[in-house]
Each structure stands twice: as C-alpha cells, then as structure tokens.
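Chemist:
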Amino acid sequence: MDIKFFTGKYKSSNSYTQRADQIITNVGFLLPFAMIIYGILIQLNVILSPNRQTGWLGFSIIMAAWLFTGILQKIHPGNSPRSSSFRLLSFYTMSGVYFLLISGVNNPFVVCWPILMLASYTYFDKIGLYSGILAFTILILTDITYFHLNDPKIIVSDLMIYLSILVTGIAVITVMRTHEIRKEILFKTIIKESLQRDRVATIVNNLTDAIISTDTAGKINVFNAASMALLDTNINLNGKYIDKILQLEDLNGKPVNLLEEFKRSKLVVRRDDLILKFSDNEKMRLETTYTPIRGGYIRSRRGEAHDGYVIIMRDITKAKSIEEERDEFISVVSHELRTPITITEGTISNVQEIIDHQNATNKMIADSITVAHDQVLFLANIVNDLSVLSKAERGLDNNPEPIDAHEILNELIKGFHDKANDKNIKLSLHVHPNISKIYVSRTYFEELMQILLDNGIKYTKKGEVSLTASENDGDITFSIKDTGIGISKTDQVHIFDKFYRSEDYRTRETGGTGLGLYVAATIASRLGTKINLESQIDKGSNFSFILPAYTKKRTD
Ligand code: ADP
C-alpha cells in the first residue's frame, strides 16, 4: 500500500494530522462506553434492533474487544504508519461487527463512519478515503444480502444511510481538503515571499550604493553593508536616528536636516550637493536619492501618507574633483589656444591688407607669414602635446617590452645632435654598453626622454647637455643634466603643472607650450617612476628618474 504521510515539511498540515489523531484517539476511547450502553439496551429489548444476532456472551466478547482497543490506543497512541493503519483497521472491523451483529446499520453510531473516513484520509490520503468507502460498501452489502434480503424497508433504509454517510464523509473531506489546499497555497506564498525577500536582501546588500530606510520619525530600520562602509562604521544602525548618523551640510557649509528634507519630498529627489561630515572633520561629497515609501491602502485610509523613507547614497568626491579638474583643463586649454589663433588670424588678415596696399613689399608679406606660420606651429605643438598627454592619461600604447637601454639612448642622442650643434652645445652620453635592459613601453620611454632632452637643449645657452644611465643594485638611474639657465626655487614648485612656463625672460625667449613637463610627469607615473629635479639658477638643471633593471624585475 502506498502510504502517504504529510511530512514535517508542511508544518500546519502536520499539526493538523496531530490534532486529527487526538480526536480519533479520544473518540475511539469514549465510543465503546456509549456503544456498550446502547448494546445493553438492545439486549434488554429496550431498543429494537433488526440485527440482534448474539446472546450476552457474544455481546460481551465484542464489547470487550472494543474496550480493549479503545483503552490500548489511548495508552499507546503510536504515530507510525503501521500503528495508525492497525488502529483504523480495528475500528473498521469492530464497527462492522457491532453494526451487523448487534445494532444494525440504522443506529446513531453510524455518524462516526465519516469520522473514520476522515481519519483514513488524513493518514493515507486518497487510498485511505477509498478504503473507508469500500469498507462501508461491504458493510451495507453484507447487511442487506445476509440479514435483510427479504425486507425492502431495511434495504431502502440501509441504502439511504449509505448515501447520506457517503455524502457527509465526502463533504467533510472536501471541506478539509479545501482548507488544506488554502493552507498549502498560503505556505507556498510565504515561501515565495521569503525567497523574494532574500533575493532583494542579497541584491541590496551587494549594491555598492549605500541604502538606508527609516520610519516616518527618521529611525533607521533597514540598511545595507555599503552604508556601513560609506559611514566608516561597524555599529548596528538599526534604531538609530538618521540625522544623528548622517551629519550633512550643503555646498555653502549650511547644516542640512535630512528628516526635514525627507518630509518635504513628495516624490523622488536626487541631488549631488550634499557633504557628509565625519567626526575627524573629513568630508565626503554625496550623490543622494531619497524618496518616501508609499503607504498601503490601510495607511492612506488612516490618513498617513507614507511608511517612511529610503535614501540611497554614493560617494562622488573623486568623480566631482575629476569633473572639476576636467572643466578647468578645458577652460585652460581653450584659453591657451585662443592666443595663437587670434595672432594667426590677425596676421593673415594683415597680410591681406598689405597685399592690397600699393607699397607692399615681399619682405613685409614674408614677415607676417612667418609670424602666422610660427603660431600655427605652436598650435600644432600644443595639439601634439595634448594628444600625447591624453594617450598617457588613458594608458594607451603602454605595452612594456625588454629594451636595450644602451641602444635606445644612443638612438635618442643621435636625434638631437643637429639641434645641439645649431646652438653650439655639447651633447654627451654616458652609458655602459653592458647595462641591463629595462622593461617598459618603448613609446612612453622615448617620449619622456625627448621632452627632457629637448628642454635641456632649449634652456641652455652654452655648455653641455649630458645624458647618463647608471646601474646600481638592480636600479637604473637616467639623468639629463644641463648647464643652462636653471630653475628658481619658486618655479621648481610649479614647472610640472600644466601650461606652466617660468616668468624668467630667458624662458620667454623660447617658444613653448608649458605642457612638456606635465606630460613627462604623467608618462613617468605610467612607467611607475617619478621625475626628480635638482636645479640652481644660472648653474643648470638635472632631471632624473629611476627604472628597475629588467633582470631585477624578472627575479621579483
Ligand atoms: P615648455 O618647455 O613648453 O615651456 P615644459 O612643461 O616643458 O614647457 O616646461 C615648463 C617650464 O619649466 C619651462 O617653461 C621652463 O621655465 C622650465 N624648464 C623646463 N625644463 C627646463 C630646463 N632644462 N632648464 C630650465 N628651465 C626648464
């Protein structure tokens, strides 16, 4: 037999089974006493029974068996499938015997049959129900065929009882089943809901944005891990007031009361002008989104607008400073570009006027064109520097490879010989032929060297520019030393800033964009190093940086 028990998985169903078990045990215990009294009245002919088949002895045996089963199952209820089926079987058998041999089917105890059917169904599901129906069918058929085949009245009465008991039993079971199905649906919904809640909780907890939810008084009731990270705390925020936890101010330093802001907000409010203050006076620029949590039907009937508030926060300090830096850069670049463009435009229109003039000489025209040409070259230099800078900032072309330092420095020096010769400057290279390789991007290294060598020659009127590479303890120091105009202490602080050019008139004698060293510093940081500067006004400058030898890198 396929025994189907409700398992502990479905708790309410299980507790239902336990309750049914108790009722059956109690009914099974009390019923024999009532049956004995009823049976005695039949034996004494006080109640007439069409089935009175036993004498006092038979009656006593049947009732003793009933009593014994009733008491036994009360003392040892037993809740295994086997004990339940044994108990049910005894009840079915003894009820059948009692009905057939003592009381007949038409007696008050027949109403207990639907209870038996319900018990069978509770324990063994459909099989239990079918068994109960089958047992009752056998009972009625036996009663009719063995005892009352010639008595149409009793046959009709038996059949009526049969039908009413079946209908009652099935109705009770259907009601119970509906109840059970509802409970099952409810249980499934609860599981689904809790799964959904877990899912949402997982998402919220893994979000990088801080999320805090409060009640209408601003008391925190939900927060995620990111909010603890943002607030740099490990205390439990539940139950704390949001205004105590988040000390906010606007961009003008005016304190902001978040709860009041919450109350003012009818819909979603997004702002990026709030500053979070920490106890150590550190500040963090926040992007915040807050919104009231819409109240349900009951709340809106009670006149309460919402259940509380949710605030989502993100640290945008860095993004804002990058944004501001970018804005400043664009404004500086456009300012720097405006001058040469204006000069070029002015000079070219000048040329047009000169040509129209009758006394125009070729020299006048050539001079103006030279000015315009110089400015265009200057523009080209700025654009070139900007493109190198942008590549370096985005890390493009940063493909490190082992590079022979001796060879690359020789090539670089060769490229600057003409320039140095033109200015009568000695250009020297000091590098050991067996110096170790370096592991860097060739493009970046060449660009960095070119900027420093170019500056060295540009800002030296007489003397020497020397390029040295020396290896020491796995590090190679590259230095570009000149005997030029040198850099004052005040200028040394600024020369790596973008578009910075010294006010020194000797600097101003040469053309320059003021971007070279800014680009050089950006490239150096991409190569993992930093440019070091030693300089003395009128004595010269020494720009140097250190890169690890490739052999060292490999053993790292
Ligand atoms: P640019 O050379 O185009 O002006 P850089 O960014 O390369 O721009 O240099 C910034 C400033 O630093 C220069 O204007 C100059 O005043 C100073 N400088 C750079 N290199 C040297 C050097 N080798 N000797 C003296 N001054 C230098």
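Remember, this note's numbering sits 694 above the position in the sequence shown when you count from 1.
The beta carbon of each residue, even a glycine, is placed where N, CA and C say it ideally should be.
#1: Could you tell me which of D1148, E887 and P1096 sits nearest to A1114, measuring between CA atoms?
#2: Please look up how many angstroms separate the CB atoms of M1143 and L1106, rounded, as I've assumed it's under 8 Å.
#3: With DSSP as the reference, please indicate the residues paired to G1002 in a beta bridge.
#4: Does the separation of the CB atoms of I832 and G790 fall below 9 Å?
#5: What is the DSSP secondary structure of V799, reduced to helix, strand or coil?
#6: Going by the C-beta, is L1121 closer than 8 Å to any heavy atom of ligand 1?
#7: Output yes or no for whether 9 Å exceeds the beta carbon distance between P1242 and I1129.
#8: Mapping DSSP to helix, strand and coil, what is G933?
#9: Assuming T1041 and V1077 make a contact with CB atoms under 8 Å, what is their CB distance in whole Å?
#10: Output yes or no for whether 9 Å exceeds the beta carbon distance between D1185 and D1176.
#11: Is the distance from the Cβ of L1209 to the Cβ of K1192 below 9 Å?
#12: Out of N899, Y1194 and K1152, which one is the CA nearest neighbour of H1111?
#13: Pull up the CB-CB distance for E976 and D966, whole angstroms please, since I reckon it's below 8 Å.
#14: Would you say F1237 and L1221 are within 9 Å of each other, going by their C-beta atoms?
#15: Please return the same chain residues whose Cβ sits closer than 7 Å to the Cβ of D726, not counting the five positions on each side in sequence.
#16: Restricting to Cα atoms, I'd like to know which of I1102, S778, L1121 and S1135 is closest to K1085.
#17: What residues in its chain sit with their C-beta under 8 Å from that of G722, if we drop five residues either side in the sequence?
#18: To the nearest angstrom, report how far apart M788 and W750 are at their CA atoms.
#19: Taking the C-alpha atoms as reference points, what is the distance between F1072 and H1029?
#20: Can you tell me the Cβ-Cβ gap for I736 and S797, rounded? I've got them flagged as a contact below 8 Å.
#21: Taking E955 as the reference, which of N930, D974 and G912 has the closest Cα?
#22: Does the beta-carbon of K783 have 16 or more other beta-carbons within 10 angstroms, so that it is buried, or is it exposed?
#23: Please confirm whether any heavy atom of ligand 1 lies closer than 8 Å to the CB of Y1244.
#24: Can you tell me the Cα-Cα spacing of N915 and L931, whole angstroms?
Modeler: This is what the structure gives:
#1: Residue numbering aside, residue 1114 sits at position 420 when the sequence shown is read from its first letter. Per the Cα distances, D1148.
#2: Here residue 1143 refers to the residue found at position 449 when the sequence shown is read from its first residue. Here residue 1106 refers to the residue found at position 412 when the sequence shown is read from its first residue. Sure, about 5 Å apart at Cβ, within 8 Å.
#3: Here residue 1002 refers to the residue found at position 308 of the sequence shown. Beta-bridge partners assigned by DSSP to G1002: I987.
#4: As a working mapping, residue 832 is identified with position 138 in the sequence shown. As a working mapping, residue 790 is identified with position 96 in the sequence shown. Yes, the pair counts as a contact, with Cβ atoms nearer than the cut-off.
#5: In the sequence shown, counting from the first residue as 1, residue 799 sits at position 105. In the structure shown, the three-state DSSP call for V799 is coil.
#6: The residue labelled residue 1121 in the question sits at position 427 within the sequence shown. Distances between the C-beta of L1121 and the heavy atoms of ligand 1 are all 8 Å or more.
#7: As a first step, residue 1242 is located in the sequence shown; it is residue number 548 there, counting from the start. As a first step, residue 1129 is located in the sequence shown; it is residue number 435 there, counting from the start. For P1242 and I1129, no; Cβs fall outside 9 Å.
#8: On the sequence shown, residue 933 is found 239 positions in, with the first residue counted as 1. Here G933 carries a coil assignment [DSSP, helix/strand/coil].
#9: For the purposes of this step, residue 1041 is taken as the residue at position 347 of the sequence shown. For the purposes of this step, residue 1077 is taken as the residue at position 383 of the sequence shown. Wrong, their Cβ atoms sit about 19 Å apart, outside the cutoff.
#10: Start at 1 with the first residue of the sequence shown, and residue 1185 comes out as number 491. Start at 1 with the first residue of the sequence shown, and residue 1176 comes out as number 482. For the 9 Å CB-CB criterion, D1185 and D1176 do not form a contact.
#11: Residue mapping note: residue 1209 aligns to position 515 of the sequence shown, counting from 1. Residue mapping note: residue 1192 aligns to position 498 of the sequence shown, counting from 1. It is a contact, given that the beta carbons lie within the stated cut-off.
#12: As a working mapping, residue 1111 is identified with position 417 in the sequence shown. Comparing alpha carbon positions, the residue from N899, Y1194 and K1152 closest to H1111 is K1152.
#13: Start at 1 with the first residue of the sequence shown, and residue 976 comes out as number 282. Start at 1 with the first residue of the sequence shown, and residue 966 comes out as number 272. Actually they do not touch by this definition, with Cβ atoms about 18 Å apart.
#14: One-based indexing of the sequence shown puts residue 1237 at position 543. One-based indexing of the sequence shown puts residue 1221 at position 527. Result no, Cβ atoms of F1237 and L1221 do not sit closer than 9 Å.
#15: Numbered from its first residue, the sequence shown carries residue 726 at position 32. One point to set straight first is that residue 726 is Pro, not Asp, in the sequence displayed. Leaving aside the five residues that flank P726 on each side, the residues in its chain whose CB is nearer than 7 Å to its CB run, in chain order, M757, W760, L761 and G764.
#16: Sequence index remark: in the sequence shown, residue 1085 carries index 391 (1-based). In terms of CA proximity to K1085, S1135 leads the group I1102, S778, L1121 and S1135.
#17: As a working mapping, residue 722 is identified with position 28 in the sequence shown. Cβ within range, chain order: T763, G764, Q767, K768, R781 and F785.
#18: By 1-based counting over the sequence shown, the position of residue 788 is 94. By 1-based counting over the sequence shown, the position of residue 750 is 56. Inter-residue distance for M788 and W750 is about 17 Å (C-alpha atoms, whole angstroms).
#19: Here residue 1072 refers to the residue found at position 378 of the sequence shown. Here residue 1029 refers to the residue found at position 335 of the sequence shown. For F1072 and H1029, the distance between alpha carbons rounds to 14 Å.
#20: Reading the sequence shown from its first residue, position 42 is the one you call residue 736. Reading the sequence shown from its first residue, position 103 is the one you call residue 797. Indeed, because the Cβ distance is near 6 Å, the residues count as touching under 8 Å.
#21: Taking the first residue of the sequence shown as 1, we reach residue 955 at position 261. Just measuring C-alpha positions, the residue of N930, D974 and G912 sitting nearest E955 is G912.
#22: Numbered from its first residue, the sequence shown carries residue 783 at position 89. Residue 783 is actually Leu in this sequence, not Lys. Burial state of L783 is exposed, judged by a 10 Å Cβ sphere holding fewer than 16 other Cβ atoms.
#23: By one-based count along the sequence shown, residue 1244 stands at place 550. False, no ligand heavy atom lies under 8 Å from that Cβ.
#24: Counting from 1 along the sequence shown, the entry for residue 915 is found at position 221. Counting from 1 along the sequence shown, the entry for residue 931 is found at position 237. A straight line joining the alpha-carbon of N915 with that of L931 spans about 8 Å.
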